[in-house]
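Chemist: First, the structure itself, so that you have it in front of you.
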Amino acid sequence: MRHLLGAEGLDPAQALAILDTAANLKRTLLGREVRKLPTLRGRTVITMFYENSTRTRVSFEIAGKWMSADVVNVSAGGSSVGKGESLRDTALTLAAAGADCVIVRHPASGAAQRLAGWLEAAGTSVVNAGDGTHEHPTQALLDAATLRERLGDDLTGRRIAIVGDVLHSRVARSNVHLLTALGAEVTLVAPPTLLPQGVRNWPVAVSHDLDAELPGQDAVMLLRVQAERMHGGFFPSAREYSIAYGLSERREALLQGHAVVLHPGPMLRGMEIASAVADSPRAAITDQVRNGVHVRMAVLYHLLAHEEETP
Ligand code: CP
55 MRHLLGAEGL
65 DPAQALAILD
75 TAANLKRTLL
85 GREVRKLPTL
95 RGRTVITMFY
105 ENSTRTRVSF
115 EIAGKWMSAD
125 VVNVSAGGSS
135 VGKGESLRDT
145 ALTLAAAGAD
155 CVIVRHPASG
165 AAQRLAGWLE
175 AAGTSVVNAG
185 DGTHEHPTQA
195 LLDAATLRER
205 LGDDLTGRRI
215 AIVGDVLHSR
225 VARSNVHLLT
235 ALGAEVTLVA
245 PPTLLPQGVR
255 NWPVAVSHDL
265 DAELPGQDAV
275 MLLRVQAERM
285 HGGFFPSARE
295 YSIAYGLSER
305 REALLQGHAV
315 VLHPGPMLRG
325 MEIASAVADS
335 PRAAITDQVR
345 NGVHVRMAVL
355 YHLLAHEEET
365 P
């Protein structure tokens, strides 16, 4: 694998190989006092974030460090981007400085793909850490890792509802691609105003009625309402959204006993999810964050490690 730009087109065998590697890494490091493997010693990983992030940036940094890579963080605010340098020139500069892998988050859909084209000659790998409303493939992989832990390795036939602001969600797009490729049955549950045009052509069911969908699901993945991408205002209002699509305690009681609740974070407690549900045993939200480190270690391993360097 040279780059990880999206879950779309990711070979299911490749996705499963990453997920299995992540599970092995988690087992290997469990309970160790020093969580460090020599696998990527001498490799340089640069994170380049043009949008805010806590989980993705931190877990990529930890992942690189636990694999003994040298990790350098570049943010738009503190770099020459602030002086007007283009994405292309910034990327070529980082490659010339010795980056083996650039991890990029950018507000423009397609930015990671463009970057991969510019860095082709340099031989630098690119990982998409979220591009506009397009894709966030490592989020989908860590979600799948968490679902496999809770529901079993084979997600074939598992019913998963993705709820909320699908329109602006790269997490939803990546999860639709990955989960359907792994055999899951996905239902998108959202108000009509927060669904993309053409959604009826996606390999998913679509519903506007959360109460009706909850009893049949093995997992419910709530999405963040992305107010920052809603330039024309937010309809329904926050209150209407919470009433119709928030996972309240009453709604949580509609779920089957084994059903899992996921949220990619950051979450709006009280609007998208009741605090009591977010903190309940069926919520896997901190597991998602924990698995994010192992999944990102696995991605870096599959991109950068030599074949003989088994983690
Ligand atoms: N889920 C996710 O991408 O979170 P961050 O924006 O904090 O990285």
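Going by the numbering used here, the first residue of the sequence shown is number 55, and it counts up by one from there.
Here a beta-carbon is modelled for each residue, glycine too, at the ideal position from N, C-alpha and C.
(1) Taking 7 Å as the cut-off, is the CB of S228 close to at least one heavy atom of the ligand CP?
(2) The beta strand (DSSP E) with L84 in it runs from where to where?
(3) So if DSSP puts A166 in a beta bridge, which residue, or which two residues, is it bridged to?
(4) Buried or exposed: which applies to T144, given that a residue is buried once 16 or more other Cβ atoms fall within 10 Å of its Cβ?
(5) Helix or strand or just coil, what does DSSP make of L242?
(6) Going straight from the alpha carbon of E326 to that of G152, what length do you get?
(7) Please report how far the alpha carbon of L196 lies from the alpha carbon of V135, in whole angstroms.
(8) For I339, count neighbouring C-beta atoms within 10 Å of its own C-beta (all shown protein chains included) and say buried if the count is 16 or more, exposed if not.
(9) Quick check on L91: does DSSP put it in helix, strand or coil?
(10) When the Cα of G300 is compared with those of H317, H312 and A226, which residue comes out closest?
(11) Grouping DSSP H, G and I as helix and E and B as strand, with all else coil, what is L201?
(12) How would you label I297, buried or exposed, when you count the other beta carbons within 10 angstroms and need 16 or more for buried?
(13) Under 6 Å Cβ to Cβ from T110, same chain only, skipping five residues before and after it: list those, please.
(14) Are the Cβ atoms of R305 and L268 separated by less than 8 Å?
(15) With a 10 Å radius around its C-beta and 16 neighbouring C-beta atoms as the bar for buried, classify E312 as buried or exposed.
(16) Would you say T98 and V128 are within 8 Å of each other, going by their C-beta atoms?
(17) Apart from the five residues just before and just after T241, which ones in its own chain have a Cβ nearer than 8 Å to its Cβ?
(18) Beta-carbon distances below 7 Å to any heavy atom of the ligand CP define the shell here; list its residues in chain order, please.
(19) Have a look at E282, R323, H285 and A273 and flag the residue whose alpha-carbon is nearest the alpha-carbon of R293.
(20) Determine, using beta carbons only, whether H57 and S179 come nearer to each other than 8 Å.
(21) Pull up the DSSP beta-bridge partners for I367, would you.
(22) Give me the Cα-Cα distance between D208 and K137, rounded to the nearest whole angstrom.
(23) For T210, does the count of other Cβ atoms within 10 angstroms reach 16, so buried, or fall short, so exposed?
(24) If distances are taken between C-alpha atoms only, which option among A150, E303, T75 and E174 comes closest to A328?
(25) Just to confirm my understanding: we take S308, look at its own chain, exclude 5 residues before and 5 after, and list those with CB closer than 6 Å. What are they?
(26) Can you give me the start and stop residues for the beta strand (DSSP E) that N127 sits inside?
(27) Going by DSSP, what residues sit across from R305 in a beta bridge?
(28) Out of A359, L357 and A352, which one is the CA nearest neighbour of A199?
(29) What are the partner residues of S261, as DSSP defines its beta bridges?
Modeler: With the given structure in hand:
(1) no
(2) Taken as a continuous stretch (DSSP letters only), L84 belongs to no beta strand (DSSP E), as it is neither H nor E.
(3) Partner(s): none; A166 has no beta bridge.
(4) T144 should be labelled buried.
(5) strand
(6) 42 Å
(7) 30 Å
(8) buried
(9) coil
(10) H317
(11) helix
(12) Counting Cβ neighbours within 10 Å, I297 comes out exposed, since fewer than 16 surround it.
(13) A183
(14) yes
(15) Inspection of the sequence shows that residue 312 is occupied by His rather than by Glu. It counts as exposed.
(16) no
(17) R213, I214, A215, I216, V258, A259, V260, S261, E267 and Q271
(18) N106, S107, T108, R109, T110, R111, G184, H190, Q193, V225, P318, G319 and P320
(19) R323
(20) Taking the C-beta atoms as reference points, S179 is found nearer than 8 Å to H57.
(21) No answer is possible for residue 367: it lies beyond the span of the chain, which begins at 55 and ends at 365.
(22) 49 Å
(23) exposed
(24) E303
(25) A small fix is needed here, since residue 308 is Leu in this sequence, not Ser. Excluding sequence neighbours, L308 sits near L268 and P269.
(26) Run containing N127: D124 to S129, per the beta strand (DSSP E) assignment.
(27) According to DSSP, R305 bridges with nothing at all.
(28) Distances from the CA of A199 to each of A359, L357 and A352 were compared; the closest alpha carbon is that of A352.
(29) Paired residue(s): V243.
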